[in-house]
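Enquirer: Quick one: this structure, given as structure tokens, is what I'll be asking you about.
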Amino acid sequence: MLRPGLEGVPVTQSAICDIDGNQGELNYRGYPIAELAAKSSFLETTFLLIWGELPSASQLRDFEEAIQMHRRLSFRVRDMMKCFPASGHPMDALQSSAASLGLFYSRRAIDDPEYIYDAVVRLIAKIPTMVAAFQLIRKGEDPIRPRDDLPYSANFLYMLTEKEPDPLAARVFDRCLILHAEHSLNASTFSARVTASTLTDPYAVIASAVGTLAGPLHGGANEDVIAMLEEINSPDKAKAYLERAITKKTKIMGFGHREYKVKDPRATLLQSFAEDLFARFGTDEMYNVAKAVENEASPLLGPKGIYPNVDFYSGLVYRKLGIPRDLFTPIFAISRVAGWLAHWREQLSANRIFRPTQIYTGAKTRTWVALDERAKN
Ligand code: ACO
């Protein structure tokens, strides 16, 4: 039986992430997301996702130090990025730069634990540097070097804005990375697992997942949410906008999820992070529009199980942190690389190459027609 979008079809076993879409619950390796966001750091959560257990103090220190040592980009990668068109989307720049790492590091050692650890460290360390580097390069500036004295998230914001971030901004950003780090077998993670199943190198696995995340039905929706809020522009116009969109069968960006039939727990947390930032740095008028959209959508879309997803409030948080809109999805990728790498390892531990089947609907065997005998048009 054909199942479009593979809805409800299990294609692997996994011990990484558990979602209860009716209760609005999300756990990484058994730990509730809200607890991780409150108590953990992004790098500690990354370790947990990839190796299955919380690190000891010395394991975490070693992991953090290794990542700090590998944050810089080779001048060759930076020079390559300088050749990218400044008008290109940063997700395309990231996909190309991530794939280029495969040129620098051997691809034939994916059963060697040392190679796996090094690849994890390199990808977690270098992806943020790539995102920040492209941002400066496209403005005609030289990328700035990572600062060894700054932790992971603070260093990323520093590389992006050239200013040391406020501690609250850095902590909120780190918590956002925790929330986006993993979400079971969504499109980009499935893409990562399919690519991993061919036994190619981890850089190709991540590049393939980045390409999949870029689409507006997946990670790219966070950019479209801000565009939608700006188009609505005022809370009192939210209801009419929604009614028009529903009549025209246009999707409301940042709403709906294949797994959740209630409000995405990450949306609830992101909304509270946005409020923390607004309390400290001043509000954003688009937040009132967003709240009006959520309220007005509840009677219209709620009965179909369509509520805000992770992308609905994340853009408002990033906007308040001064991050340009087209970097929202690359930031999602900075975080999700943790989940993709966890799935890469899990796929390799019990690998069988993905090769689904199809229901053929094309022509049966046909008779060849020579070029000069074909109908002219
Ligand atoms: N706005 C309005 N109606 C919606 C929405 C929405 N955002 N999402 C789903 N629906 C409706 C559909 O129109 C459809 O209605 P119908 O049965 O009357 O035709 C029904 O709900 C089922 O929709 P599908 O698109 O088939 O649901 P699916 O599970 O395939 O899609 C998806 C999930 C892609 C997330 C969808 O809800 C959507 O396009 N949302 C908007 C884009 C978005 O926010 N994406 C980010 C998702 S989170 C992430 O990937 C990180």
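Position 136 of the sequence shown, counted from 1, bears residue number 135 in numbering that gives the first Met the number 0, the numbering being contiguous throughout.
Ideal Cβ positions, reconstructed from N, Cα and C, are used throughout, including at glycine.
Quick caveat: nothing in here was measured; it's all calculated off a predicted structure.
(1) If you follow the alpha helix (DSSP H) that Y151 is in, where does it begin and where does it stop?
(2) Return the CA-CA distance between A362 and L370, expressed in angstroms with no decimal places.
(3) Report the CB separation of P264 from E24 in whole angstroms; it is logged as a contact under 8 Å.
(4) For the beta strand (DSSP E) that L48 lies in, which residues bound it at each end?
(5) Say whether the stretch 331 to 341 touches the stretch 45 to 55, bearing in mind that this needs 3 or more beta-carbon pairs closer than 8 Å, one atom from each stretch.
(6) Does the Cβ-Cβ distance between V309 and F272 come in under 7 Å?
(7) Nearest by alpha-carbon distance to F74: which of H88, S86 and S96 is it?
(8) Count the other C-beta atoms from every protein chain shown that fall within 10 angstroms of the C-beta of V171, then say buried if there are 16 or more, exposed otherwise.
(9) Between Y306 and A332, what straight-line distance do the alpha-carbon atoms span, to the nearest angstrom?
(10) Less than 6 Å between the CB of L216 and some heavy atom of ligand 1, yes or no?
(11) For N26, write down the residues that DSSP places opposite it in a beta bridge.
(12) Less than 6 Å between the CB of I251 and some heavy atom of ligand 1, yes or no?
(13) By the 10 Å Cβ neighbour count, where 16 or more other Cβ atoms means buried, how is R144 classified, buried or exposed?
(14) Roughly how many whole angstroms lie between the Cα atoms of I32 and R344?
(15) In chain order, what residues of the same chain have a beta carbon less than 7 Å from the beta carbon of H256, not counting five sequence neighbours either side?
(16) Under 7 Å between the Cβ atoms of L93 and E63?
(17) Per DSSP, which residues does P166 bridge with? Please list them.
(18) Cβ-heavy atom distance between G255 and ligand 1 below 6 Å?
(19) Can you list, in chain order, the stretches of the alpha helix (DSSP H) that have 4 or more residues and sit fully within the stretch 245 to 309?
(20) When the cut-off is 7 Å and only beta carbons count, does D263 lie next to chain D?
(21) Is I305 near ligand 1, going by C-beta to nearest heavy atom under 6 Å?
(22) Hey, is N308 close to ligand 1, as in C-beta under 6 Å from one of its heavy atoms?
(23) Determine whether the beta carbon atoms of M90 and A131 lie at a separation below 7 Å.
(24) Please report the residue range of the alpha helix (DSSP H) in which Q12 lies.
(25) For I245 versus L299, is the C-beta spacing smaller than 7 Å?
(26) Contact defined as beta carbons within less than 8 Å: I believe F353 pairs with V193. What is the distance between those atoms, to the nearest angstrom?
(27) Could you check what DSSP says for G338 in three-state terms: helix, strand or coil?
(28) Are Y114 and A108 close, meaning C-beta to C-beta below 7 Å?
Expert: In brief:
(1) Taking the first residue of the sequence shown as position 1, residue 151 is located at position 152. That run of the alpha helix (DSSP H) goes Y151 to T160.
(2) Along the sequence shown, one-based indexing puts residue 362 at 363. Along the sequence shown, one-based indexing puts residue 370 at 371. Roughly 19 Å separates the two Cα atoms.
(3) Taking the sequence shown and counting its residues from 1, one reaches residue 264 at position 265. Taking the sequence shown and counting its residues from 1, one reaches residue 24 at position 25. Contact holds; Cβ gap of about 7 Å.
(4) Reading the sequence shown from its first residue, position 49 is the one you call residue 48. Here L48 belongs to no beta strand (DSSP E); instead the alpha helix (DSSP H) covers F41 to W50.
(5) Segment contact: the stretch 331 to 341 against the stretch 45 to 55, three or more CB-CB distances shorter than 8 Å; contact assigned.
(6) By one-based count along the sequence shown, residue 309 stands at place 310. By one-based count along the sequence shown, residue 272 stands at place 273. The answer is no: Cβ separation not under 7 Å.
(7) By 1-based counting over the sequence shown, the position of residue 74 is 75. Of the listed residues, the one whose Cα sits closest to F74 is S96.
(8) The residue you call residue 171 lines up with position 172 of the sequence shown. Classified as buried, V171 has 16 or more neighbouring CB atoms from the shown chains inside 10 Å of its CB.
(9) Along the sequence shown, read from residue 1 onward, the residue named residue 306 stands at position 307. Along the sequence shown, read from residue 1 onward, the residue named residue 332 stands at position 333. Taking the straight line from one Cα to the other gives about 23 Å.
(10) Here residue 216 refers to the residue found at position 217 of the sequence shown. Result yes, Cβ under 6 Å from ligand 1.
(11) As a working note, residue 26 is residue 27 in the sequence shown. In the DSSP output, where bridge partners are listed per residue, N26 has D17 and P31.
(12) What you label residue 251 is simply residue 252 of the sequence shown in a count that begins at 1. Answer for I251: yes, Cβ within range of ligand 1.
(13) As a working mapping, residue 144 is identified with position 145 in the sequence shown. In summary, R144 is exposed, with fewer than 16 beta-carbon neighbours lying within 10 Å of its beta-carbon over all protein chains present.
(14) Start at 1 with the first residue of the sequence shown, and residue 32 comes out as number 33. Start at 1 with the first residue of the sequence shown, and residue 344 comes out as number 345. In a straight line, the C-alpha of I32 is about 22 Å away from that of R344.
(15) Taking the first residue of the sequence shown as position 1, residue 256 is located at position 257. Same-chain partners within the cutoff: D263 and N308.
(16) For the purposes of this step, residue 93 is identified with residue 94 of the sequence shown, where counting begins at 1. For the purposes of this step, residue 63 is identified with residue 64 of the sequence shown, where counting begins at 1. No; because the gap between Cβ atoms is not below 7 Å, this pair is not in contact.
(17) If you number the sequence shown from 1, residue 166 lands on position 167. P166 is not bridged to any residue.
(18) Stepping through the sequence shown from its first residue, residue 255 is reached at position 256. For ligand 1, at least one heavy atom lies less than 6 Å from the Cβ of G255.
(19) 264 to 280 and 284 to 300, all fully within the stretch 245 to 309.
(20) Protein chain content of the structure displayed is limited to a single chain, and chain D is not contained in it.
(21) The sequence position of residue 305 within the sequence shown is 306, counting from 1. Correct: I305 has its Cβ closer than 6 Å to ligand 1.
(22) Taking the sequence shown and counting its residues from 1, one reaches residue 308 at position 309. True, at least one ligand heavy atom lies under 6 Å from that Cβ.
(23) Numbered from 1 along the sequence shown, position 91 holds the residue referred to as residue 90. Numbered from 1 along the sequence shown, position 132 holds the residue referred to as residue 131. Contact flag unset, no.
(24) Here residue 12 refers to the residue found at position 13 of the sequence shown. In the DSSP assignment, Q12 falls outside any alpha helix (DSSP H), carrying neither H nor E.
(25) By one-based count along the sequence shown, residue 245 stands at place 246. By one-based count along the sequence shown, residue 299 stands at place 300. When the beta-carbon positions are compared, I245 and L299 come within less than 7 Å of each other.
(26) Counting from 1 along the sequence shown, the entry for residue 353 is found at position 354. Counting from 1 along the sequence shown, the entry for residue 193 is found at position 194. Contact holds; Cβ gap of about 5 Å.
(27) For the purposes of this step, residue 338 is taken as the residue at position 339 of the sequence shown. Here G338 sits in helix by DSSP.
(28) For the purposes of this step, residue 114 is identified with residue 115 of the sequence shown, where counting begins at 1. For the purposes of this step, residue 108 is identified with residue 109 of the sequence shown, where counting begins at 1. For Y114 and A108, yes; Cβs fall inside 7 Å.
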